[in-house]
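Here's the structure, in structure tokens; my notes come after.
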Amino acid sequence: MKTNEMKLISVLQALSDPYRLEIVKALADTAEKTCGTCTNLNIAKSTLSHHFKVLREAGLLKVRIEGKHHYYSLRKRELEEQFPGLIEAILQVEKERW
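Taking the working numbering, I'd label the letters of the sequence shown as residues 2 to 99.
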């Protein structure tokens with residue numbers, strides 16, 4: 002997905018789920034992670050994969066495929082260009098406020 006194709010409503014909708022917020026926060030602190038090593042969420046692998054798909058389709062994540070492994074990273078620079086301050090605001094949200 003190109004940066005200019007990202008829609009604010011899609012990004013906000015993707016971020017409306019607490020699990021997806023947790024994934025974004027985990028990816029914000031690292032270059033890239035696999036689906037299984039990203040968070041300590043106690044949810045089924047299929048559910049976790051679904052959340053990654055929603056975030057990817059909204060334009061929040063990019064994926065690098067190496068063999069059978071998918072490495073995800075947060076598109077911080079692109080998101081900051083398109084929606085200045087959004088990622089920083091999201092990262093400041095405390096869990097109790099979800």
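Using N, Cα and C, we set each Cβ at its ideal position, and we do this for glycine too.
Predicted model only: the values in this text are computed from it and were never measured.
Going along the chain, which residues of its own chain have a beta-carbon closer than 7 Å to the beta-carbon of Leu49, five neighbours each way excluded? Same-chain partners within the cutoff: Cys36, Leu42.
Classification of Leu22 by the beta-carbon crowding that lies within 10 angstroms, buried from 16 upward: Leu22 comes out buried.
Can you look up Lys34 in the DSSP assignment and give me helix, strand or coil? DSSP places Lys34 in the strand class (E or B) of the three-state scheme.
DSSP three-state call for Arg76: helix, strand or coil? Reduced to three states, the DSSP call for Arg76 is coil.
On a Cα-Cα basis, can you pick out the residue from Leu9, Glu79, Ser17, Thr38 that is closest to His71? Nearest of Leu9, Glu79, Ser17, Thr38 to His71, Cα basis: Thr38.
Run of the beta strand (DSSP E) containing Leu62, from where it starts to where it stops: Following the DSSP letters along the chain, one finds Leu62 inside the beta strand (DSSP E) bounded by residues 62–67.
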